[in-house]
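Student:
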Amino acid sequence: MTDRYATGNSIEGQFQPGSNGTVLLNKLGIIDPDEMDEIELDLLVQLTDSVLDDVTDEQTITAADLSAWHHRWLGHVYAWAGQYRSVNMGKTDFHFAAAHLIPKLMQTLETKFLSVYTPCKNMPDEQLIDALAKVHVEFILVHPFREGNGRLSRLLANIMALQAGQPMLDFSAMDNNKQRYFAAIQAGLDDYEPMKALFRQVLLETQQSAGG
1 MTDRYATGNS IEGQFQPGSN GTVLLNKLGI IDPDEMDEIE LDLLVQLTDS VLDDVTDEQT
61 ITAADLSAWH HRWLGHVYAW AGQYRSVNMG KTDFHFAAAH LIPKLMQTLE TKFLSVYTPC
121 KNMPDEQLID ALAKVHVEFI LVHPFREGNG RLSRLLANIM ALQAGQPMLD FSAMDNNKQR
181 YFAAIQAGLD DYEPMKALFR QVLLETQQSA GG
């Protein structure tokens with residue numbers, strides 16, 4: 001994980017002793033990154049099932065919901081699960097929002113995006129694509145949590161799609177072209193069109209798979 005993010009020296013930036021800087025400090029004493037990945041994946045499946053049972057088609061998603069989902073997912077693994085990060089993070093030459101700005105930015109995410117674009121009930125495809133792209137970009141740019149933002153953003157996108165009567169999304173278009181995806185995130189600082197194009201492809205491939 002040392003090559004994924006640059007962080008400070010808080011508990012969120014500490015690694016599990018014996019992991020050679022590959023596994024974040026955790027409650028389970030895990031030092032093998034593959035084992036941690038497997039545990040996080042298993043817990044994410046459980047969270048997804050739980051959230052799908054909880055969220056209704058008419059529910060507006062809030063910033064508090066996202067924190068609660070994060071805690072339910074990783075609360076048994078990391079002490080800081082569900083809490084906004086206190087360390088600054090970035091990938092290569094791109095930096096996510098400064099940690100001290102996150103509470104205010106998440107409030108903005110809720111008032112200007114989540115409350116506007118959820119629930120997604122009865123949204124036609126193009127309106128849903130617009131909603132998915134804007135919410136996804138804004139959430140990823142804030143990157144509110146120390147770990148798991150990408151996976152949580154996909155859960156959020158799936159909830160939005162299901163509210164609109166769509167199937168669970170097929171994210172192959174993003175997985176198969178990471179460079180295009182990261183470029184769309186960076187472009188989202190002032191242009192949502194690249195991410196809208198990606199979600200248009202995601203939704204099309206999802207519908208084709210469901211219909212086939």
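For the sequence shown, UniProt numbering assigns the number 1 to the initial residue and increments by one for each residue that follows. All C-beta atoms in this analysis are idealised placements derived from N, C-alpha and C, irrespective of residue type, glycine included.
1. According to DSSP, is H143 helix, strand or coil?
2. Excluding the five sequence neighbours on either side, which residues of its own chain have a C-beta within less than 7 Å of the C-beta of L109, listed in chain order?
3. Kindly indicate which residue of A164, V116, L28 and R200 has the alpha-carbon position closest to the one of M174.
4. Judging by CA-CA distance, which residue of E147, Q208, Q16 and M123 is the nearest neighbour of M89?
5. Excluding the five sequence neighbours on either side, which residues of its own chain have a C-beta within less than 7 Å of the C-beta of Y181, listed in chain order?
6. Starting from S153 and walking both ways along the alpha helix (DSSP H), at which residues does that stretch end?
7. Looking only at C-alpha atoms, which of P119, H95, L28 and D93 sits nearest to G75?
8. If you check the beta carbons only, do L128 and Y78 fall under 8 Å apart?
9. Comparing alpha-carbon positions, which option in L162, N177, P194 and Q166 lies nearest V51?
10. Please state whether DSSP places L24 in a helix, a strand or coil.
11. Whose CA, out of M36, S153, Q208 and N158, lies closest to the CA of S67?
Tutor: So, to answer that:
1. As a first step, residue 143 must be located in the sequence shown, where it is residue number 143. Coil at H143, not helix or strand.
2. For this step, residue 109 is matched to residue 109 along the sequence shown. Shown here for L109: same chain residues with a beta carbon closer than 7 Å to its own, the five before and five after excluded, namely A63, E138, F139 and V142 in chain order.
3. Translated into positions along the sequence shown, residue 174 becomes position 174. Checking every option, the nearest Cα to that of M174 belongs to R200.
4. For the purposes of this step, residue 89 is identified with residue 89 of the sequence shown, where counting begins at 1. Comparing Cα-Cα distances from M89 to each of E147, Q208, Q16 and M123, the minimum goes to E147.
5. The sequence position of residue 181 within the sequence shown is 181, counting from 1. Counting only Cβ-Cβ distances below 7 Å, and skipping sequence neighbours, we find M174 and L198.
6. Residue mapping note: residue 153 aligns to position 153 of the sequence shown, counting from 1. Taken as a continuous stretch (DSSP letters only), the alpha helix (DSSP H) holding S153 covers N149 to Q163.
7. As a position in the sequence shown, residue 75 is number 75, starting the count at 1. Checked all of P119, H95, L28 and D93; the closest Cα to G75 is L28.
8. Taking the sequence shown and counting its residues from 1, the one referred to as residue 128 is at position 128. Taking the sequence shown and counting its residues from 1, the one referred to as residue 78 is at position 78. No.
9. Position 51 of the sequence shown, counted from the start, is the residue given in the question as residue 51. That would be L162, whose Cα lies nearest to the Cα of V51.
10. In the sequence shown, the residue the question calls residue 24 occupies position 24. Here L24 sits in strand by DSSP.
11. To locate residue 67, count along the sequence shown from 1; it is residue 67. Of M36, S153, Q208 and N158, the residue nearest in Cα terms is S153.
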